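Under the working numbering, the first residue of the sequence shown is numbered 634, with each subsequent residue one higher.
This report refers to the structure that appears directly beneath it.
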Amino acid sequence: MRSSRRDFFRAASLLSAAAIAPSFAPTSARANGKSTDTTDDPIFMSAKKLAGLIREKKISATEAVNAISTASLDINDELNAVCNNATSGARPEAKRLDEMAALREWAGPLHGVP
634 MRSSRRDFFR
644 AASLLSAAAI
654 APSFAPTSAR
664 ANGKSTDTTD
674 DPIFMSAKKL
684 AGLIREKKIS
694 ATEAVNAIST
704 ASLDINDELN
714 AVCNNATSGA
724 RPEAKRLDEM
734 AALREWAGPL
744 HGVP
(Lines of atoms letter the chains of each structure in order from A and count residues from 1; the text may use other names and numbers.)
(Lines give C-alpha, C1' and ligand atoms only; values in the text may rest on other atoms or scores of the structure.)
Protein backbone atom coordinates (compact mmCIF):
# COMPACT_ATOMS: atom_id res chain seq x y z
CA MET A 1 0.00 0.00 0.00
CA ARG A 2 1.31 3.37 -0.97
CA SER A 3 1.27 6.35 1.44
CA SER A 4 0.40 9.85 0.39
CA ARG A 5 2.22 13.04 1.30
CA ARG A 6 -0.74 13.91 3.52
CA ASP A 7 -0.29 10.66 5.49
CA PHE A 8 3.42 11.35 5.82
CA PHE A 9 2.92 14.88 7.19
CA ARG A 10 0.13 13.74 9.52
CA ALA A 11 2.41 11.08 11.01
CA ALA A 12 5.32 13.53 11.27
CA SER A 13 3.19 16.10 13.09
CA LEU A 14 1.93 13.49 15.54
CA LEU A 15 5.49 12.38 16.26
CA SER A 16 6.71 15.92 16.81
CA ALA A 17 3.74 16.69 19.09
CA ALA A 18 4.50 13.56 21.10
CA ALA A 19 8.14 14.59 21.38
CA ILE A 20 7.44 18.02 22.86
CA ALA A 21 4.44 17.06 25.02
CA PRO A 22 6.55 16.10 28.07
CA SER A 23 7.99 19.63 28.23
CA PHE A 24 4.49 20.99 28.88
CA ALA A 25 3.70 18.57 31.68
CA PRO A 26 4.26 20.04 35.14
CA THR A 27 7.21 18.52 36.94
CA SER A 28 7.27 18.39 40.70
CA ALA A 29 9.71 21.33 40.83
CA ARG A 30 7.53 23.47 38.57
CA ALA A 31 4.34 22.43 40.34
CA ASN A 32 5.55 23.56 43.77
CA GLY A 33 6.98 26.85 42.47
CA LYS A 34 10.66 26.05 43.01
CA SER A 35 13.23 27.02 40.42
CA THR A 36 14.92 24.29 38.42
CA ASP A 37 17.96 26.55 37.87
CA THR A 38 21.21 24.94 39.08
CA THR A 39 23.42 28.03 38.73
CA ASP A 40 25.22 29.27 41.85
CA ASP A 41 26.31 32.66 40.52
CA PRO A 42 23.70 35.41 41.03
CA ILE A 43 24.81 37.04 37.79
CA PHE A 44 23.67 34.07 35.72
CA MET A 45 20.80 32.59 37.73
CA SER A 46 17.15 32.99 36.88
CA ALA A 47 15.09 35.75 38.46
CA LYS A 48 12.90 33.12 40.08
CA LYS A 49 15.84 31.43 41.79
CA LEU A 50 17.38 34.75 42.87
CA ALA A 51 14.05 35.87 44.36
CA GLY A 52 13.82 32.58 46.26
CA LEU A 53 17.32 33.01 47.68
CA ILE A 54 16.48 36.56 48.76
CA ARG A 55 13.32 35.32 50.51
CA GLU A 56 15.32 32.57 52.22
CA LYS A 57 17.89 35.23 53.24
CA LYS A 58 20.73 33.34 51.59
CA ILE A 59 21.59 36.50 49.66
CA SER A 60 20.49 40.08 50.16
CA ALA A 61 19.09 42.40 47.53
CA THR A 62 22.12 44.64 48.10
CA GLU A 63 24.50 41.74 47.40
CA ALA A 64 22.59 40.88 44.23
CA VAL A 65 22.68 44.48 42.98
CA ASN A 66 26.39 44.78 43.78
CA ALA A 67 27.22 41.52 41.98
CA ILE A 68 25.27 42.41 38.87
CA SER A 69 26.43 46.03 38.70
CA THR A 70 30.07 45.00 39.19
CA ALA A 71 29.82 42.41 36.43
CA SER A 72 28.12 44.80 34.03
CA LEU A 73 30.71 47.51 34.67
CA ASP A 74 33.54 44.99 34.19
CA ILE A 75 32.36 43.81 30.79
CA ASN A 76 30.83 47.03 29.47
CA ASP A 77 34.18 48.36 28.24
CA GLU A 78 34.34 45.42 25.85
CA LEU A 79 30.66 45.26 24.93
CA ASN A 80 29.72 48.93 25.13
CA ALA A 81 26.13 47.81 25.78
CA VAL A 82 25.08 49.86 28.82
CA CYS A 83 23.75 53.28 27.85
CA ASN A 84 22.49 54.40 31.23
CA ASN A 85 23.95 52.98 34.43
CA ALA A 86 21.30 52.96 37.17
CA THR A 87 23.56 51.68 39.95
CA SER A 88 23.32 54.89 41.96
CA GLY A 89 19.57 54.44 42.32
CA ALA A 90 19.62 50.66 42.58
CA ARG A 91 21.77 50.46 45.72
CA PRO A 92 19.50 52.60 47.96
CA GLU A 93 16.46 50.75 46.60
CA ALA A 94 18.10 47.39 47.39
CA LYS A 95 18.87 48.59 50.92
CA ARG A 96 15.23 49.60 51.38
CA LEU A 97 14.09 46.19 50.12
CA ASP A 98 16.50 44.45 52.52
CA GLU A 99 14.96 46.45 55.38
CA MET A 100 11.49 45.37 54.24
CA ALA A 101 12.63 41.73 54.08
CA ALA A 102 13.92 41.96 57.64
CA LEU A 103 10.34 42.83 58.64
CA ARG A 104 9.02 39.98 56.46
CA GLU A 105 7.36 42.47 54.10
CA TRP A 106 7.62 41.70 50.40
CA ALA A 107 7.27 44.08 47.47
CA GLY A 108 6.13 41.27 45.18
CA PRO A 109 7.21 37.90 43.78
CA LEU A 110 10.52 39.28 42.46
CA HIS A 111 11.31 41.24 45.62
CA GLY A 112 14.95 42.39 45.53
CA VAL A 113 15.77 41.06 42.07
CA PRO A 114 17.71 43.72 40.15
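No residue lacks a Cβ here, since even glycine has one placed at the ideal position from N, Cα and C.
From a predicted model like this one, the values you see are computed outputs, not experimental measurements.
Collapsing the DSSP output to three states places T703 in a helix. Counted as a single uninterrupted DSSP element, the stretch harbouring G745 is not any alpha helix (DSSP H), since DSSP gives it neither H nor E. Spanning the alpha carbons of I708 and S637 requires a straight line of approximately 56 Å. Excluding residues up to 5 positions away in sequence, T720, A723 lie with their Cβ nearer than 7 Å to the Cβ of S702 in the same chain. Annotation: L683 to A704 spans about 16 Å, alpha carbon to alpha carbon.
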